[in-house]
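> Position 6, counted from 1, in the sequence shown is what the numbering used here calls 7; the numbers after and before it change by one each time, with no gaps. The beta carbon of each residue, even a glycine, is placed where N, CA and C say it ideally should be. Take a look at this one; I'll ask things after.
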Amino acid sequence: MTVDTKPVTPAFFAHAVLKTGRFEEMVAYWKTLLNATVAFQNPMLCFMTFDDEHHRLAIAGLPGLKDMPDQTAGLDHLAYTYASIDDLIATYDRLKSEGITPSWCINHGPTLSLYYTDPDGNRAELQIDVFHSAKEVDAFLTSEAFSENPIGIKFDPEDLFEKYKAGTPLMELTERRRLEEGESFLDHLDL
Numbered sequence: 002m003t004v005d006t007k008p009v010t011p012a013f014f015a016h017a018v019l020k021t022g023r024f025e026e027m028v029a030y031w032k033t034l035l036n037a038t039v040a041f042q043n044p045m046l047c048f049m050t051f052d053d054e055h056h057r058l059a060i061a062g063l064p065g066l067k068d069m070p071d072q073t074a075g076l077d078h079l080a081y082t083y084a085s086i087d088d089l090i091a092t093y094d095r096l097k098s099e100g101i102t103p104s105w106c107i108n109h110g111p112t113l114s115l116y117y118t119d120p121d122g123n124r125a126e127l128q129i130d131v132f133h134s135a136k137e138v139d140a141f142l143t144s145e146a147f148s149e150n151p152i153g154i155k156f157d158p159e160d161l162f163e164k165y166k167a168g169t170p171l172m173e174l175t176e177r178r179r180l181e182e183g184e185s186f187l188d189h190l191d192l
């Protein structure tokens, strides 16, 4: 297709850059979180990757930065999709063994998601897709269940992953329940 018939869009999302006053701590955290390799590092800049792109995340150490106050407007999180529940569980177990635990675990409906918070308060969502097609996601996003609860249902990862390891089918574990009487989607927010 030509530019005249199709809007020009980016080919893919290349990378994100986080600036920090905790350079070494942030490099160690994100390298561990993403199981990434360092493509380049000097005393104030680190490029890391987890795939065939030269870098997916850069950490820039800058002197004099202040922490962001809570409830500041801006980017909420970066999301990374894993190929399977087994990969997500292996990542959860690996991170837990390193002392890194999720700050929020939620079944959004289209995704089963673990949110992690870095030393600066930036968040990463590690997720798996629950549905098998964009058509299924679209149907869910236009459903009464999504209209009633656009956030999701919190879950205990230890409980869910143990049930999966014991043989409970993934479809059963990832089916998102409806809100109960008196329950609000706000009860499931990570504020």
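Does the Cβ-Cβ distance between T50 and L96 come in under 8 Å?
Contact: no.
> Looking at the secondary structure, which residues open and close the alpha helix (DSSP H) in which Y165 lies?
Residues P158 to K166.
> Tell me, please, whether the stretch 87–101 touches the stretch 54–72 by the rule of three or more beta-carbon pairs shorter than 8 Å.
Judged by Cβ distances under 8 Å, the stretch 87–101 makes no contact with the stretch 54–72, as fewer than three pairs qualify.
> Would you grab the beta carbon distance between H78 and E137 for me? Rounded to a whole angstrom, and I think it's under 8 Å.
About 23 Å; that fails the 8 Å criterion.
> Confirm, please, whether the CB-CB distance from Y83 to L89 is below 8 Å.
Taking 8 Å as the Cβ cut-off, L89 and Y83 qualify as a contacting pair.
> Can you round the beta-carbon distance between F80 and Q128 to whole angstroms, since I take them to be within the 8 Å contact cut?
Reading the sequence as shown, one finds Ala at residue 80 and not Phe. Contact holds; Cβ gap of about 6 Å.
> Whole angstroms are fine: how far does the CA of P44 sit from the CA of R23?
Looking at the two C-alpha atoms, the distance is approximately 12 Å.
> For G153, which of H109, D160 and E159 has the nearest alpha-carbon?
For G153, the nearest C-alpha among the options comes from H109.
> Among D160, A12, L58 and F14, whose alpha-carbon lies nearest the alpha-carbon of W31?
Looking at the Cα atoms, L58 is the closest of the given residues.
> What do you reckon, are the CB atoms on P158 and L115 nearer than 8 Å?
Result yes, Cβ atoms of P158 and L115 sit closer than 8 Å.
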